[in-house]
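Written out as C-alpha cells, the structure is:
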C-alpha cells in the first residue's frame, strides 16, 4: 500500500475534481481598503520630492562682480527640529557672511574654513548670503568661473563680459540690467569670459515656442494627474454608495484690506517697471496671490520670480506667508502708516 | 474593482514620473539661447585673434578656430528641429573657443583672486557688495525693531560713490574702510539688540524639543532601564530647564548640544 500524501493545509481547498480554486474577485477589498491605498500612494508620490529637497538648496543665485568676486545667495530647507545646520561653503575666502531665518531674523553663525555652522533653532527655511573670492580665476585677459554646484543655479555675469568658453549646456538665459544671466544645471560648470570694450549683451529673449510648449506640457501633466485623481476619488466614493457631501466650492480669494497699486507707486516711486506689473496683478487679485500664480501669469522661471518677490518684500511693499508649502504673496496693509 | 485598481497604479506611476518629466522639460528650455551664446563667443574670439595676431594668426589656432566656427554654423542649421545635434554643436564650439582662449591668454600664473590683489581691485564692485550686505543687515534690524539709525552709513555710501565717480581713489578707499568698520559695528549692535527675541525663540524651541526628547527617553527606559546614558540625559534635561529659566541661553545651548549627542546614542541602542 502506498498512501497518497496530501499536504494538510491544502486538503480543504481541494474540490472533488482535485483542482485548486483561488477566489480572486474581491481580493483587493478583502486585503486592503482601496481608498486608503490610493490616498497613501498619492501621499508617497507627493512626499518624495519634499524629502529629497531637505537640506539641498532650493534657490541658488550667484552674481559675479567685475573684480571676480562672487556674491552667493542660497535658500535652504532645514529640519525645524534641529538646533543647527552645517553648510558647506564654496571656498574659504569669505566676506560679508549673513544668515537670516524665514522670519527675517538674523541667525548666529560660526564660519570655520569651508563650512559654516548655523544656529537654526526651529527655522525651516534659511537664507545665506556671502561674497567669495574662490570661484573666479584670471589668466591674462581671460576670467574663468568654476563651480561644482549642488543644485541648478543662476549666474549673473558682469556688465560688458562676453562668454568665450563653456563646459556645459545652459538651461536658460535672460538679460537683467544689461547683464547676461544664465541658468545652469547641477554639477561641474566652467565658464570663460572676458571684458569687451564694446557693450556685450546677447539679443533679448523673446518667448520662443519651445519654452511655451514646455510649460503647457508640464501644466498638462500636472493638470491631468490632478483631474484624474479627483475623478478617481469621486468614483471610489460613489462605488462605496456613501452619502456624498456636496463639494465645497472654494470661495474666491478673500478681499483683504490693502493699499491700492497707485498709492503704492506714489509711496515707492523707485519700483522697477516689472515689479510694478506684479504689484498691479496682486492688487487686482484682491491683494494676495500665490507665487506660483505670479510665475504662470508672467511666464517667469521660479528663481526670477522669487527674486522679484524678495525685492518687493525688501522694499516693504509685500509680505510673504507660507500656505500649504507655497508662498502666499500679500500686499502690505500698513504701508501708508509706515511712510 | 479591477478598473479602480488599475487607476490606482496609474495615479502612482504618473505621480512619481511627473517630477522627472518636469525636470527633463525644464532642461530643454529654449534651445535658441545656445546659438546666441555661441555666436557671441565666435565674434569675441575673432576680435581677440585680430587684436593679438592681426593677419598672422598661427596655423594651429586658425585650425581650432575654423573647427569652432564650423560648429556654430552647424548649430545654426540644427535649430530648431535637431536639438540633440544643436547641443553637440554648442559644446563642440565652446570647447574649441575655450582652447583658443587658453592659448591666447598671456602666460601669467593662474591664481585665485584675493581682496589684497590691488591690480584687480574694483572699488565700485566692493562698494556694491558692501551695500548688498548692509541692506541684508538693515532688513534684519528692522525685523528685530532695533531702532538703529542708519543715516550715517547711508551718507558714507553716497560719499564713497561720489568719490569713486570723481576718481578720488585714495579717499574712496578710506571711506570704504570706514564703512566696513561701521557695518561691523552695526552687525554687533543688531546681535545685542536681537538677543532678547532670539532667546525667546530658542526657549520656545527648547521646550518643544525637550518634550520630544523626554518621550524618546521614556521609550528607551521601557526597553532597557539600566542604559547608562539615560541618567546623564535626564540630568542634562533638568540642567537645561534650569539654565533656560535663569535666562542663561548660551550655556543652555551648549548643554543642548551634549544632550543631542547622547540622545543619538540612545536612539541607536534602541534600534539595535
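Chains as they are written, first to last, in my numbering: chain A, 1 to 339; chain B, 1001 to 1272. In this text, a Cβ means the ideal position worked out from N, Cα and C, and glycines have one as well.
Under the assumption that residue i contacts residue j (Cβ atoms under 8 Å), give the Cβ distance between them as a whole number of angstroms.
{"i": "residue 386 of chain A", "j": "residue 158 of chain A", "result": "The first residue shown for chain A is 1 and the last is 339, placing residue 386 of chain A beyond what the model contains."}
{"i": "residue 77 of chain A", "j": "residue 124 of chain A", "result": "6 Å"}
{"i": "residue 154 of chain A", "j": "residue 303 of chain A", "result": "5 Å"}
Alpha helix (DSSP H) containing residue i: first to last residue?
{"i": "residue 1207 of chain B", "result": "1169-1223"}
{"i": "residue 1076 of chain B", "result": "1059-1078"}
{"i": "residue 1086 of chain B", "result": "1083-1104"}
{"i": "residue 305 of chain A", "result": "302-314"}
{"i": "residue 1229 of chain B", "result": "1228-1245"}
{"i": "residue 1053 of chain B", "result": "1032-1053"}
{"i": "residue 176 of chain A", "result": "No alpha helix (DSSP H) contains residue 176 of chain A, which is instead part of the beta strand (DSSP E) from 170-176."}
{"i": "residue 162 of chain A", "result": "Looking at the DSSP string, residue 162 of chain A is not in any alpha helix (DSSP H); the run it does join, the beta strand (DSSP E), is 161-166."}
{"i": "residue 279 of chain A", "result": "273-284"}
{"i": "residue 263 of chain A", "result": "261-267"}
Just to confirm the assignment, what range does the beta strand (DSSP E) spanning residue i have?
{"i": "residue 138 of chain A", "result": "136-139"}
{"i": "residue 1133 of chain B", "result": "No beta strand (DSSP E) contains residue 1133 of chain B, which is instead part of the alpha helix (DSSP H) from 1123-1143."}
{"i": "residue 130 of chain A", "result": "125-132"}
{"i": "residue 323 of chain A", "result": "318-323"}
{"i": "residue 330 of chain A", "result": "326-331"}
{"i": "residue 58 of chain A", "result": "57-64"}
{"i": "residue 115 of chain A", "result": "115-119"}
{"i": "residue 96 of chain A", "result": "94-100"}
{"i": "residue 180 of chain A", "result": "179-184"}
With burial defined as no fewer than 16 other Cβ atoms inside 10 Å of the residue's Cβ, what is the status of residue i: buried or exposed?
{"i": "residue 262 of chain A", "result": "exposed"}
{"i": "residue 138 of chain A", "result": "buried"}
{"i": "residue 129 of chain A", "result": "buried"}
{"i": "residue 1228 of chain B", "result": "exposed"}
{"i": "residue 136 of chain A", "result": "buried"}
{"i": "residue 334 of chain A", "result": "exposed"}
{"i": "residue 165 of chain A", "result": "buried"}
{"i": "residue 1138 of chain B", "result": "buried"}
{"i": "residue 1103 of chain B", "result": "exposed"}
{"i": "residue 1201 of chain B", "result": "buried"}
{"i": "residue 1053 of chain B", "result": "exposed"}
From residue i to residue j, what distance separates their C-alpha atoms?
{"i": "residue 985 of chain B", "j": "residue 1209 of chain B", "result": "Since the first and last residues shown for chain B are 1001 and 1272, residue 985 of chain B lies out of range."}
{"i": "residue 100 of chain A", "j": "residue 1091 of chain B", "result": "39 Å"}
{"i": "residue 1175 of chain B", "j": "residue 1197 of chain B", "result": "33 Å"}
{"i": "residue 318 of chain A", "j": "residue 284 of chain A", "result": "14 Å"}
{"i": "residue 238 of chain A", "j": "residue 230 of chain A", "result": "12 Å"}
{"i": "residue 1066 of chain B", "j": "residue 1042 of chain B", "result": "10 Å"}
{"i": "residue 1 of chain A", "j": "residue 1270 of chain B", "result": "Any reading at residue 1 of chain A must be qualified, since the residue scores a pLDDT of 44, below 50, and its modelled position is unreliable; no value is offered."}
{"i": "residue 244 of chain A", "j": "residue 234 of chain A", "result": "Bear in mind that the predicted position of residue 244 of chain A carries a pLDDT of just 41, short of 50, making it unreliable; the figure below should be weighed with that in mind. Roughly 9 Å between the two C-alpha positions."}
{"i": "residue 1127 of chain B", "j": "residue 1062 of chain B", "result": "42 Å"}
{"i": "residue 1083 of chain B", "j": "residue 118 of chain A", "result": "43 Å"}
{"i": "residue 1184 of chain B", "j": "residue 184 of chain A", "result": "34 Å"}
{"i": "residue 1057 of chain B", "j": "residue 1105 of chain B", "result": "14 Å"}
{"i": "residue 250 of chain A", "j": "residue 276 of chain A", "result": "At residue 250 of chain A the pLDDT is 41, less than 50, meaning the model places this residue with poor confidence; the figure from the coordinates comes in the next sentence. Cα to Cα, the separation comes out at about 29 Å."}
{"i": "residue 89 of chain A", "j": "residue 74 of chain A", "result": "10 Å"}
{"i": "residue 93 of chain A", "j": "residue 115 of chain A", "result": "11 Å"}
{"i": "residue 310 of chain A", "j": "residue 1178 of chain B", "result": "29 Å"}
{"i": "residue 95 of chain A", "j": "residue 1189 of chain B", "result": "19 Å"}
{"i": "residue 293 of chain A", "j": "residue 1080 of chain B", "result": "30 Å"}
{"i": "residue 255 of chain A", "j": "residue 295 of chain A", "result": "The predicted position of residue 255 of chain A is uncertain, since its pLDDT is 45 and thus under 50; a value taken from the coordinates is nonetheless stated next. Approximately 21 Å between the Cα atoms of the pair."}
{"i": "residue 274 of chain A", "j": "residue 1132 of chain B", "result": "21 Å"}
{"i": "residue 223 of chain A", "j": "residue 1032 of chain B", "result": "28 Å"}
{"i": "residue 232 of chain A", "j": "residue 226 of chain A", "result": "10 Å"}
Under 7 Å, do residue i and residue j count as touching if we go by C-beta distance?
{"i": "residue 98 of chain A", "j": "residue 1136 of chain B", "result": "yes"}
{"i": "residue 70 of chain A", "j": "residue 60 of chain A", "result": "no"}
{"i": "residue 321 of chain A", "j": "residue 331 of chain A", "result": "no"}
{"i": "residue 270 of chain A", "j": "residue 1125 of chain B", "result": "no"}
{"i": "residue 1045 of chain B", "j": "residue 1099 of chain B", "result": "no"}
{"i": "residue 1230 of chain B", "j": "residue 1259 of chain B", "result": "no"}
{"i": "residue 425 of chain A", "j": "residue 132 of chain A", "result": "The structure shown does not extend to residue 425 of chain A, since chain A is modelled only from 1 through 339, so no value can be given for it."}
{"i": "residue 190 of chain A", "j": "residue 181 of chain A", "result": "no"}
{"i": "residue 280 of chain A", "j": "residue 315 of chain A", "result": "no"}
{"i": "residue 106 of chain A", "j": "residue 1182 of chain B", "result": "no"}
{"i": "residue 1244 of chain B", "j": "residue 1206 of chain B", "result": "yes"}
{"i": "residue 1164 of chain B", "j": "residue 1130 of chain B", "result": "no"}
{"i": "residue 80 of chain A", "j": "residue 122 of chain A", "result": "yes"}
{"i": "residue 104 of chain A", "j": "residue 1143 of chain B", "result": "yes"}
{"i": "residue 160 of chain A", "j": "residue 196 of chain A", "result": "yes"}
{"i": "residue 1255 of chain B", "j": "residue 1239 of chain B", "result": "yes"}
{"i": "residue 1070 of chain B", "j": "residue 1078 of chain B", "result": "no"}
{"i": "residue 148 of chain A", "j": "residue 188 of chain A", "result": "yes"}
{"i": "residue 1233 of chain B", "j": "residue 1211 of chain B", "result": "no"}
{"i": "residue 1093 of chain B", "j": "residue 1160 of chain B", "result": "no"}
Looking at the ligand NAD, does it come within less than 6 Å of residue i, judged from the CB to the closest heavy atom?
{"i": "residue 65 of chain A", "result": "As for the ligand NAD, it is missing from this structure, which has no ligand bound."}
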